[in-house]
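Participant: I'd like to ask some things about the structure below.
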Amino acid sequence: MELKYYIIRRLLVLIPTLLGLLLLTFILLDALPKSFLIEQFVNHKLPIPAQNLEKQQAITTLGLNLSPPEQFLIYVNNLIHGNWGFMYPNSEGYGSYYSGPVLAGIMEYFPVTLEIAIFAVIFSIVIAIPLGTYIGSKPNSVSDQVGRVFSLSGYAMPTFFLALVLQIAINPYFPSFISGQGYPSYTHLSWIKSISGTEVSTPTHMLVFDSLLHGDFSLAAVAFGHLVLPVLALSYGFLAGLLRFIRAGMVDASNQEYVKTARAKGVPEKQVLRKHVRKNALLPSITVFGLVFSGLLGGAVVIEEVYDLNGLGRFGLSTVSGGYIQFFGILGTTLFFGIVLVMANLIVDVLYALMDPRIRY
Amino acid sequence: MIPGANKEEKKRNPRLEDIKDTAKLLVKNKLALTGLIISSFYIFFAILDVIYPQYLGVGPGVVTTLTRFTGPNIVLAPPTDPTFSKGWYYFLGTTYANIPLLPAMLAALYNDIWDSAIVVGSGAVIGILVGTFSGYFGKIVDELVMRITDIFFSIPYLIFAIIMVTVLARVFAADNITIPPLTIISVSLIVIWWPTYARLTRSITLSVKSQKFIEASTASGSSRVRNVVVHVIPNVLSPVFVQISLDIGNVILLFATLAFLPLTFLNLNEFTPELGSMISSSETYMLGPGWFSAVIPAVFLLIFTISINLFGDGLRDVLDPKLRR
Numbered sequence: 001m002e003l004k005y006y007i008i009r010r011l012l013v014l015i016p017t018l019l020g021l022l023l024l025t026f027i028l029l030d031a032l033p034k035s036f037l038i039e040q041f042v043n044h045k046l047p048i049p050a051q052n053l054e055k056q057q058a059i060t061t062l063g064l065n066l067s068p069p070e071q072f073l074i075y076v077n078n079l080i081h082g083n084w085g086f087m088y089p090n091s092e093g094y095g096s097y098y099s100g101p102v103l104a105g106i107m108e109y110f111p112v113t114l115e116i117a118i119f120a121v122i123f124s125i126v127i128a129i130p131l132g133t134y135i136g137s138k139p140n141s142v143s144d145q146v147g148r149v150f151s152l153s154g155y156a157m158p159t160f161f162l163a164l165v166l167q168i169a170i171n172p173y174f175p176s177f178i179s180g181q182g183y184p185s186y187t188h189l190s191w192i193k194s195i196s197g198t199e200v201s202t203p204t205h206m207l208v209f210d211s212l213l214h215g216d217f218s219l220a221a222v223a224f225g226h227l228v229l230p231v232l233a234l235s236y237g238f239l240a241g242l243l244r245f246i247r248a249g250m251v252d253a254s255n256q257e258y259v260k261t262a263r264a265k266g267v268p269e270k271q272v273l274r275k276h277v278r279k280n281a282l283l284p285s286i287t288v289f290g291l292v293f294s295g296l297l298g299g300a301v302v303i304e305e306v307y308d309l310n311g312l313g314r315f316g317l318s319t320v321s322g323g324y325i326q327f328f329g330i331l332g333t334t335l336f337f338g339i340v341l342v343m344a345n346l347i348v349d350v351l352y353a354l355m356d357p358r359i360r361y
Numbered sequence: 001m002i003p004g005a006n007k008e009e010k011k012r013n014p015r016l017e018d019i020k021d022t023a024k025l026l027v028k029n030k031l032a033l034t035g036l037i038i039s040s041f042y043i044f045f046a047i048l049d050v051i052y053p054q055y056l057g058v059g060p061g062v063v064t065t066l067t068r069f070t071g072p073n074i075v076l077a078p079p080t081d082p083t084f085s086k087g088w089y090y091f092l093g094t095t096y097a098n099i100p101l102l103p104a105m106l107a108a109l110y111n112d113i114w115d116s117a118i119v120v121g122s123g124a125v126i127g128i129l130v131g132t133f134s135g136y137f138g139k140i141v142d143e144l145v146m147r148i149t150d151i152f153f154s155i156p157y158l159i160f161a162i163i164m165v166t167v168l169a170r171v172f173a174a175d176n177i178t179i180p181p182l183t184i185i186s187v188s189l190i191v192i193w194w195p196t197y198a199r200l201t202r203s204i205t206l207s208v209k210s211q212k213f214i215e216a217s218t219a220s221g222s223s224r225v226r227n228v229v230v231h232v233i234p235n236v237l238s239p240v241f242v243q244i245s246l247d248i249g250n251v252i253l254l255f256a257t258l259a260f261l262p263l264t265f266l267n268l269n270e271f272t273p274e275l276g277s278m279i280s281s282s283e284t285y286m287l288g289p290g291w292f293s294a295v296i297p298a299v300f301l302l303i304f305t306i307s308i309n310l311f312g313d314g315l316r317d318v319l320d321p322k323l324r325r
């Protein structure tokens, strides 16, 4: 009952933060020269009167005839009504970039990011818990030092370099992982049709899960194969953060009185570690999720660029690359990344409250 | 005044003793010491190159473009293997456009280290000032500052850096101001980086604020500003140093990542002396025989970031009494 009010309160606090984020981005974008913003919609091959017409249209669609506060309020009003603005096709022709409504674009690109994030989180947890327990139970031993170097290299590793190196390392053995690079997105439905032979419904918009739901295991295997390298590259930083935290928690918990008591009364060492130390060490590690998740989302931008995945990071990058600046695209991406991150933090806090009976809100 | 008293006090300077203790503990920590030695080597070579160009011959001065190494005619050519017969320039072979890899890497290293030091340094100064004053003065200022830092923490900083860099580059281009792309990255990273320090210093300020010596200082007539400057800021410094040592590596990585990504408005090209852009330019040779031209700069960068992280981690262990072994 109390938790419900806590969640509602937290959600209410999120609104000003997200509005502030939008305002900050808006102020930043407002510094852009107006003529430049208009100019990018104009097709210079057209005759002059037609160009002037296009300029007029650009001014009205961007709302440049209004004052900045009015623009912002109208934009926020549109946001609430589900109109996140448009990504415009460049008149000079950059066919490879997304154009259309921003919200639809985000919904199309986000599942890929979510999918690799899910697998990266699962993979990291599966590795980090046993490894962290092991090195945390022997502080300052050789294995602890090795673990320290391993996890600090995770912090220090440039994500793009890890991604590139994995390509080199895997190329001789599994060339299909790389030559078939470019994870099939739902814009290329024909690819799915050609394998499964039928029209596919896409409840989760994540290829691995969708094909599993359809019982098509070969497609799921192909889709998963394409995810192996991105997930490995993405999870190193996350894994490193988690490992450090679990290790610190283990060391911290093993100095507690109840652990000494357990040892003194003759509980077997294995059971002490598993029941008394690890259980208490893992609990605070939940909080680190919120911290490292930000890095995970940032890493997704790089990973998607290297592995040609059409995910949200790619979407965000396409709003600023490709020759011109997508005004609404930038605002929408910022807001969506903000929402994902703050919601992840909220979920982490709620989980922590549910699992730790000492915490009351 | 007793003449001897002052001298006695100088002998037992508590801050100096503290630094000595820290240094002793740091030397005992083998990994941190290794990190310190390796990163000092990097910094030494990066600085040596600029101050005494006659020894290495990469300079003179700061290398602003790698075309210095290509000669007048720029020919895009695949990387060539390392040779030991043509002098130390070619010890690691050449990368794209016949640029000798080793001196180019040293030039890039100087830019990377210097720029990230500027980013972290100015971020720390702004963060300390904002954090301590808002923490000490409290009330509406504090609330406002914390909400602003909340905004910065509610988005992955890489995304924000990408947007900021693009917008700044475009704005400067429109005003016909030519600013090197690395400076644009530095400016936007400073804007993104100060909230970390503001948060950190504010939380320490809150715990310091309620202590007796602050009360004593207020009772003896110190103003609030004096309290912050004289009593709060010195107490904040050691965690900030730890954070700085951990952040330098992060910022270098961020520089490299931003240079790696295809940001068309930022006029980074393959001749910008920056490790990330060097790696990204030789990415095309990655799956062929010229793979080393991308891997060597990356490993070079990796060793530096790992060692500075090891040092920062050791420093944190030593300075944080809770973790002190």
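Residue numbers (the numbering used here), protein chains in the order written: chain A, 1 to 361; chain B, 1 to 325.
Think of the CB as a built atom: it goes at the ideal place given N, C-alpha and C, for glycine as much as any other residue.
1. Could you run through the stretch 147–179 of chain B and flag, in chain order, every residue whose CB is less than 7 Å away from some CB of chain A?
2. Using a Cβ-Cβ cutoff of 8 Å, what residues of the stretch 143–174 of chain A are near chain B? List them in chain order.
3. Work out the CA separation of F315/A and L103/A for me, nearest whole Å.
4. Do we get a CB-CB distance below 8 Å when we pair W291/B with the residues of chain A?
5. What do you get for N43/A, buried or exposed, if any count of 16 or more other CB atoms within 10 angstroms of its CB means buried?
6. When the Cα of L254/B is compared with those of F161/A, S99/A, I330/A, which residue comes out closest?
7. With DSSP run on the structure shown, which of helix, strand or coil describes I155/B?
8. Starting from P130/A, trace the alpha helix (DSSP H) in both directions and tell me its first and last residue.
9. Any Cβ of chain A within less than 8 Å of the Cβ of D313/B?
10. Decide yes or no for the touch test of the stretch 65–81 of chain B against the stretch 34–49 of chain B: beta carbon pairs closer than 8 Å, at least 3 of them.
11. Provide the residue span of the alpha helix (DSSP H) that contains K55/A, from first to last.
12. Compute the Euclidean distance between the alpha carbons of N29/B and N140/A, then round it to the nearest angstrom.
13. Since M87/A sits in a beta bridge, which residues does DSSP pair it with?
14. Could you tell me the distance, in whole angstroms, from the CA atom of I162/B to the CA atom of L317/A?
15. Do the stretch 90–101 of chain B and the stretch 270–286 of chain B meet, that is, are 3 or more Cβ pairs less than 8 Å apart?
16. Between G131/B and T201/B, which are expected to be in contact by the criterion C-beta below 8 Å, what is the C-beta distance as a whole number of angstroms?
17. Using 8 Å as the Cβ pair cut-off and three pairs as the minimum, do the stretch 254–273 of chain A and the stretch 122–142 of chain B touch?
18. Find the nearest neighbour of G63/A within the set V340/A, T334/A, F327/A, judged by alpha-carbon distance.
19. What does N309/B reach in chain A if we use C-beta pairs closer than 7 Å?
20. What residues in its chain sit with their C-beta under 7 Å from that of I118/B, if we drop five residues either side in the sequence?
21. Quick check on P82/B: does DSSP put it in helix, strand or coil?
22. Measure the CB-CB distance between V240/B and Y285/B and report whether it falls below 8 Å.
23. With a CB to CB cut of under 8 Å and the five nearest residues on each side skipped, what residues in its chain are close to A163/A?
24. Whole angstroms is fine: what's the gap from R324/B's alpha carbon to P101/A's?
25. Consider the Cβ of Y186/A: report whether some Cβ of chain B lies at a distance smaller than 8 Å.
26. Looking at the secondary structure, which residues open and close the alpha helix (DSSP H) in which P181/B lies?
27. Would E305/A pass as an interface residue toward chain B - the criterion being a Cβ-Cβ separation below 8 Å?
28. From the DSSP output, read off the bridge partner residues of P103/B.
29. Under the assumption that P156/B contacts L341/A (Cβ atoms under 8 Å), give the Cβ distance between them as a whole number of angstroms.
30. How is the alpha helix (DSSP H) around P289/B delimited, first residue to last?
31. Any Cβ of chain B within less than 8 Å of the Cβ of L189/A?
32. Shortest alpha-carbon distance to Y110/B belongs to which of V171/B, V167/B, L48/B?
33. Within the same chain, show all residues whose beta-carbon is closer than 7 Å to that of H276/A, passing over the 5 residues directly before and after it, in chain order.
34. On the three-state DSSP scale, how would you describe T257/B?
35. Step through the CB atoms of chain B and report whether any lies within less than 8 Å of the CB of G136/A.
36. Under the DSSP definition of a beta bridge, which residues are partnered with T94/B?
Facilitator: Working from what's here:
1. R147, D150, I151, S154, I155, P156, Y157, L158, I159, I162, I163, M164, T166, V167, R170, V171, A174
2. Q145, R148, V149, L152, S153, Y155, A156, M157, P158, T159, F160, F161, L164, V165, Q167, I168, N171
3. 11 Å
4. yes
5. exposed
6. F161/A
7. coil
8. 102–137
9. yes
10. no
11. 48–62
12. 10 Å
13. G100/A
14. 8 Å
15. yes
16. 3 Å
17. no
18. F327/A
19. L152, Y155, A156
20. S186
21. coil
22. no
23. L229, P230, A233, V302, I303, V306, Y307
24. Caution is warranted here: a pLDDT of 45 is assigned to R324/B, below 50, making its placement in the model unreliable, and no coordinate value can be reported.
25. Only weak support is given to the placement of Y186/A: the predicted model assigns it a pLDDT of 49, under 50, and the question is left unresolved by the model.
26. 181–209
27. yes
28. For P103/B, which the question treats as bridged, DSSP gives no partner whatsoever.
29. 7 Å
30. That residue, P289/B, is in no alpha helix (DSSP H); it is neither H nor E in DSSP.
31. Unreliable positioning characterises L189/A in this predicted model, as indicated by a pLDDT of 49, which lies under 50. A coordinate reading is not provided.
32. L48/B
33. Y258, V259, A262
34. helix
35. no
36. T80/B, P100/B
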